[in-house]
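J.: Questions regarding the structure given below will be posed in turn.
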Amino acid sequence: MIDAARDLLDNYWVLMPVKVLAVLAIFLTFPLVVGYMEHKVMAHMQARLGPMEAGRFHGVLQLVADGIKFVQKESIIPKAADKWVFALAPAVALIPAILVFGFIPYGPDLVPIRSDVGLFVTLALSSVSVIGVLMAAWSSANKYSLMGGIRAAAQLIAYELPLVLAAAAVAMQAGSADLAVIVERQGWWGYIVGPLVIGFFVYGTAALAELTRPPFDMPVADSELVFGHLTEYTGLRFAFFLLTEYAGIVSQSAIAATLFLGGWKGPFLDGPWWLAAKVLALSFVVIWARSTYPRLREDQLQSFAWLRLVPVSLALLLVVGFLKVYEVGI
Amino acid sequence: MPALKGVGLLKGLGVTLKTMTRPAATRQYPHVKPDLPARSRGVIALIEENCTVCMLCARECPDWCIYIDSHKEQVAPKEGGRARTRNLLDRFAIDFALCMYCGICVEVCPFDALHWSPEFEYAEHQIEKLTHEMDTLRTWAYSVPAPDPLEEGAIEPKEIESARKAREAVAAKAAAAAEQARAAAPPVPAPAAAATQPAAATTTGAAAGTATTTPTAAAPTPVAGDAAPAASAGAAGAGTTTAAARPADVEVEPGIDQATYDRLLAAGESDRTARAKAKAAYMRRAKAEARAAQAAGATEPAPAPAAPAEAAAPTQVPAGEGAPAAEPASVETPAAATAAPETAPPAPSAVGTPEGAEPAADARDPDARSPEGDPTASGTAAEVVAPGAAAAQADAEHLEIEVDQETYDRLIEAGEPERTARAKAKAAYARKLRAAQRDGGGAGS
Amino acid sequence: MATELGQQGGAAFQAADGTGVGIIVRDKADRELHTQDMTLNVGPQHPATHGVLRVLVTLDGEMIEDAQPVIGYMHRSFEKLAEYRDYRQIIALVNRHDWVSSICNELGVALVVERQMDLEVPERATWIRMLMAEWTRVLNHLMFVGSYPLELGAITPMFYAFREREEIQALMEWITGGRLHLTYCRVGGLKQDLPRGAIQMSRDLVPRMRERLKEYEDLVLGNEIFAARTKGIGVLPADVACSYGVSGALLQAAGVPEDSRKTEPYLFYDQVEFDVPTGRNGDSYDRYATLLARIRESLRIIEQVNERIPPGPVNVKLPKVVRAPQGHAYVRTEAPLGQLSYYMVSHNEKTPWRFKMRTPSFNNVSSLPYLLKGTLLPDMIAVMGSMFFIVGDIDR
Ligand code: SF4
Ligand code: SF4
């Protein structure tokens, strides 16, 4: 029976749809869970309760209700907008966010798409989203949107470097850019013990910035730019952008967990649940930061990236390389 | 740029994390109703019976959002008097879309016709619907809470002070009477004692006026509580002797009109509103019934849910407002003549109706004023008395006021409403008594 | 005309010479390519203006070249209205120009009329007025303590501030029946006395508020990001502040210990102990810190007032229609936002003949062009948020 199933799955045309469906399922559940978590965690940190009505029990279906609401909303395209670009932007932002989920190793044999350069593919994909943001910003024909988009692009360029450098340190340590191999080479405690802990913080900070999450949320700074590139969006398109944001949190958390925290490995009973737990824990931190910090100013953000994170990550790369060559440490 | 990764950042995280572990500060509003204080300026309630159409409120309102229409009515002249005109209210509406909730109208009303109710759930989708007419304003009067007692060191408003004194005096007298009754027949069971109490009250000279006007005040005193009889006992008393027709406290549940209540709830009204309206409906019906009963024969005992003292519950309120201390104090002024009958349906004994039992009932029904179980309800009812009642009562300390039966009959014949007639008769009586007093007759107690 | 720094098509920042030209770019033929300035309307409907203030900013990139506040979107003609309202109605009216410090506004009106009538207000009323005014000040400051970080992107302090405000509001509502527009002062005293237990509640609130203030210090004031955003931003030197007539926390943050409660005491402020906190740099950070310090001082005053409310009446007996005698009177008070003055001319009528108000926000906001020139757009938010204004108080 099991053998038959395995045989069946060996068939590419059977396996492929299964993988696609699995990835889609993950994409459609985890971001919602994180979104709900954001509602609730932030509310409680602010001495509130958050959603309590939808879904009876503590508003568990709030995001579903939101989704239904968004579907019903009129989709407005501003008159002066560049219509095609405006309409396409959400998709450009959303699709790479989905694809990233395909490269993440969920378990010992659970890697939907295995690639020798999985690490760099995921990083590259997750930064494609910014093109969607830029498209949205440009096509909205709104000054606030434009500024938001430009800020987002500047921010991405600045933080991509430390992000990639930190990831490169991991790749160097593991001796592979294949995400599955990286996990294999880690103990269940991950790379968090050792010099790479610095890399973890650098990566975390840069990822926050890449996600334009507070305290790095200048591109959508509501008190300055209304809502940045999202200002003119309504209805389903707006919902897609929001989904992209939460999917981004999940995928970045997943990558970070894979790179530094041992991925699906745990003290006992390895498996995808460990990855899920780590992703949720990291998402919690992301939300925690949002409810605690004010945002930095654009120039402060830039100087922070170039003057602090980049040198630190370069130094880290050196140290890891040194340790690797002389086979000290981990 | 200062060091970014610092203690401050961690401390901030600590603050938010700590808050997360504490219970939320918010309340789940539609499920949990706010517990609003007595002074809350939620909505303006009108007790139309108290309104004399003096127009002060409409004139003082900063944005003129009170609309009053009235017509004049000729009042038949008294013996030797001139014909007088009286204003009758046709329309009293407040446009809550314009109202700025300043409270000036409530403050200036000399007759305690306007009160603040903490009711606030009356939002509408159309702005015109925010103009509320007399009947709606009247419904809100049922949710007017008793005022808070004042902080230590505050000067007690005059009418409260006199009410308190009168209450104490009555309590003392009642105590004496009860003592006497007990001495006369020591092992009498409670209802019997209760039955004897009102009678004793008359014999010991508890003024008729006092008895009529103090049911609310006397009720909560321990002695009266002791004497508190079953409704039937009191009603029976009412049927038999005129003096005993006014037991200080007959427990008459005002209740609500279940049918109306259900209908309103089904219609999507909020629970509180539905209850208030149902109550009003019930009151109206009960009152009509009582009137019928009264017409049928004065010797009939009142039906258990006796007629409502419409004004009784709300009239307790203004005591704290520091309102018209002086004016209604004397029963001789026409103002009081109109106000008094409402605040304390007086002298039923004289006419032989059981109405005297009413005010206490509604007044002490916690449901009437605080549907949400306001803790002040039954507790503080004891503390406050309607200024009208208080005034009349204060007056009663030196004047025993009866209804001048002659005047009363004459006015009734002349087609005056029963209420007016009684008030005027009472005023007439008081006048006579005063005159007698001036002439050297010692009518005071 | 351009100061050329870069060679061959390089970019250069040009000193502002009034032409509004920003970066000069030269093409190969050494012709100037002018970049265009962007004119941005911040407001009247913009999240950062909390109200309907409009600021017309001329931007060069993200650099502000010029900023002009455009006011009047909320003009409600208070001064003229007051000429047709009797004094009690005016009290209900002035609640509404600075809607988060209503008691302090009505207090000013009551004081100016009383001064004109030469009226002695009972002691109890005066102490209670002080109690209410100080709690209102705390309420008002909490509002800005919460909203300023919000404008800088920190969402949480706002909720905390409202949590605190709610506790004080409960006290205010219990005493007055209102939440925002309390309408509690009257000419000659107060509307009514406190309900029983109010002083005790006020006593209990003080330590709790003190404790909570620490949270703001940890969460906001001590936060490095907050400091980075606000230190050295929007510096308002003392002399400039004085020349614009700036008052309140803004002036104190610039180092001028001016406070009507100290310099020209009204009520019984001369009988209580408190300090006027001052800042050193006059920047946004100092303004915020001053605000928190002012709350502490108010709590100190409240603590003293709680114990000093004597028994007695809270009102003097006045005729039904209050008329102020012929003449004019002026009162200045320290409202939460700064110096609030009322000036009235009376012709012995029910209503004042002229009623002039000097509201703090108006003067405070007039210093915006000075402060904003040469700052970055995101700093504009950091500056404007620290001006602590209420639009109704500007437009009146
Ligand atoms: S509360 Fe003020 S505005 Fe409203 S009706 Fe009464 S007087 Fe007029
Ligand atoms: S002030 Fe009172 S009595 Fe006079 S019209 Fe208004 S509600 Fe009626």
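Quick note, the sequences are listed as chains C, V and Z, same order.
Position 249, counted from 1, in the first sequence is what our numbering calls 249; the numbers after and before it change by one each time, with no gaps.
Numbers in our numbering are just positions in the second sequence, counted from 1, shifted up by 330.
Numbers in our numbering are just positions in the third sequence, counted from 1, shifted up by 775.
Ideal Cβ positions, reconstructed from N, Cα and C, are used throughout, including at glycine.
Mind checking N816 of chain Z: buried by the 16 CB within 10 Å criterion, or exposed?
T.: Exposed.
J.: Starting from K402 of chain V, follow its DSSP beta bridges and name the residues at the other end.
T.: V:N417.
J.: Helix, strand or coil: how does DSSP classify T29 of chain C here?
T.: Helix at T29 of chain C.
J.: Name the residues in the segment 342-354 of chain V whose C-beta lies less than 8 Å from a C-beta of chain C; which are they?
T.: For the segment 342-354 of chain V, which is checked against every Cβ of chain C, the residues closer than 8 Å are G342, L343, V345, T346, L347, T349, M350, R352, A354.
J.: Would you say the beta carbon of G433 of chain V is closer than 8 Å to some non-hydrogen atom of ligand 1?
T.: Answer for G433 of chain V: yes, Cβ within range of ligand 1.
J.: Measure the C-alpha to C-alpha separation of R938 of chain Z and T205 of chain C and round it to an integer number of angstroms.
T.: R938 of chain Z and T205 of chain C: Cα-Cα distance of roughly 31 Å.
J.: Where does G836 of chain Z sit, in a helix, a strand or coil, going by DSSP?
T.: DSSP places G836 of chain Z in coil when its eight states are reduced to three.
J.: Ignore the nearest five residues each way along the sequence and tell me which others in L230 of chain C's own chain have a CB closer than 6 Å to its CB.
T.: Closer than 6 Å at the Cβ level, and outside the excluded window around L230 of chain C, lie F241.
J.: Would you say the segment 911-928 of chain Z touches the segment 1084-1102 of chain Z, given that touching needs at least three Cβ pairs under 8 Å?
T.: These segments do not touch.
J.: Return no unless some Cβ of chain C is closer than 9 Å to the Cβ of L386 of chain V.
T.: No, L386 of chain V lies away from the interface with chain C (no Cβ there is under 9 Å from its Cβ).
J.: For a cutoff of 9 Å on Cβ pairs, would you count E651 of chain V as touching chain C?
T.: Any reading at E651 of chain V needs caution, since the residue's pLDDT is 40, under 50, leaving its predicted position unreliable; the model's value is listed next. No, E651 of chain V does not count as interfacial toward chain C.
J.: Which residues bound the alpha helix (DSSP H) around T907 of chain Z?
T.: Here residue 907 of chain Z turns out to be Met, not Thr, going by the sequence shown. Start and end: 898-926.
J.: Any beta-carbon of chain V closer than 9 Å to the one on W306 of chain C?
T.: So no, W306 of chain C is outside the interface.
J.: Are the beta-carbon atoms belonging to R290 of chain C and P219 of chain C less than 9 Å from one another?
T.: Cβ distance not < 9 Å, so R290 of chain C and P219 of chain C don't count as in contact.
J.: Checking 9 Å against the spacing of the C-beta atoms, do F86 of chain C and I95 of chain C come in under that value?
T.: No; because the gap between Cβ atoms is not below 9 Å, this pair is not in contact.
J.: Which chain V residues sit within Cβ distance under 8 Å of N880 of chain Z?
T.: None at all; the shortest Cβ gap to chain V is about 13 Å.
J.: Are the beta-carbon atoms of L980 of chain Z and E941 of chain Z separated by less than 9 Å?
T.: Result no, Cβ atoms of L980 of chain Z and E941 of chain Z do not sit closer than 9 Å.
J.: Under 8 Å: does the beta carbon of V869 of chain Z sit that close to some heavy atom of ligand 1?
T.: Outside the cutoff, so no.
J.: Just curious, the alpha helix (DSSP H) that Y1145 of chain Z is in, first and last residue?
T.: Counting along the chain, the alpha helix (DSSP H) containing Y1145 of chain Z begins and ends at 1143-1147.
J.: What residues from chain B crowd round I1077 of chain Z, counting only those whose CB sits closer than 7 Å?
T.: Reference to chain B is not applicable here, since the protein chains of this structure are C, V and Z.
J.: State yes or no: is the C-beta of E837 of chain Z within less than 9 Å of the C-beta of M147 of chain C?
T.: Cβ atoms of E837 of chain Z and M147 of chain C: closer than 9 Å.
J.: Specify the secondary structure class of I1076 of chain Z as computed by DSSP and reduced to three states.
T.: The answer is helix: DSSP assigns I1076 of chain Z an H, G or I state.
J.: Can you tell me whether F853 of chain Z is helix, strand or coil according to DSSP?
T.: Residue state, collapsed to three classes: helix.
J.: With a threshold of 8 Å on Cβ separation, who are the neighbours of M918 of chain Z within its own chain once the five nearest residues in sequence on each side are excluded?
T.: Excluding residues within five positions, the ones whose Cβ falls inside 8 Å are V875, A936, R940.
J.: So does I76 of chain C have its beta carbon nearer than 8 Å to some heavy atom of ligand 4?
T.: This structure does not include ligand 4; its bound ligands are ligand 1 and ligand 2.
J.: Spell out whether any CB of chain Z is found under 9 Å from the CB atom of S370 of chain V.
T.: Output row for S370 of chain V: interface = yes.
J.: Could you name the residues of the segment 278-300 of chain C whose beta carbon sits closer than 8 Å to any beta carbon of chain Z, in the order they occur along the chain?
T.: Listed in sequence order: R290, S291, T292, Y293, P294, R295, L296, R297, E298, D299, Q300.
J.: Just the C-alpha distance for M1132 of chain Z and Y1118 of chain Z, rounded to the nearest angstrom, thanks.
T.: Their backbone Cα atoms lie some 6 Å apart in a straight line.
J.: With a threshold of 8 Å, establish whether the CB of C387 of chain V neighbours any heavy atom of ligand 1.
T.: Result yes, Cβ under 8 Å from ligand 1.
J.: Assuming A177 of chain C contacts D116 of chain C under a Cβ cut-off of 8 Å, what Cβ separation, rounded to an integer in Å, is found between them?
T.: So it is a contact: roughly 6 Å between Cβ atoms.
J.: Counting only Cβ-Cβ distances shorter than 7 Å, please list the residues of the segment 41-57 of chain C near chain Z, keeping chain order.
T.: Answer in chain order: M45, Q46, A47, R48.
J.: For chain Z, check one thing: does any of its Cβ atoms lie closer than 9 Å to the Cβ of Y431 of chain V?
T.: Chain Z, which has a Cβ nearer than 9 Å to the Cβ of Y431 of chain V, makes this yes.
J.: Kindly indicate the opening and closing residues of the beta strand (DSSP E) around N1138 of chain Z.
T.: Looking at the DSSP string, N1138 of chain Z is not in any beta strand (DSSP E); the run it does join, the alpha helix (DSSP H), is 1135-1140.
J.: For M42 of chain C, is the beta carbon positioned less than 8 Å from some heavy atom of ligand 1?
T.: Answer for M42 of chain C: no, Cβ out of range of ligand 1.
J.: Going by C-alpha distance, which of Z:E1033, Z:S1116, Z:R829, Z:D1170 is nearest D1014 of chain Z?
T.: It is Z:E1033 whose Cα lies nearest to the Cα of D1014 of chain Z.
J.: How is the beta strand (DSSP E) around A1110 of chain Z delimited, first residue to last?
T.: Its beta strand (DSSP E) spans residues 1102-1110.
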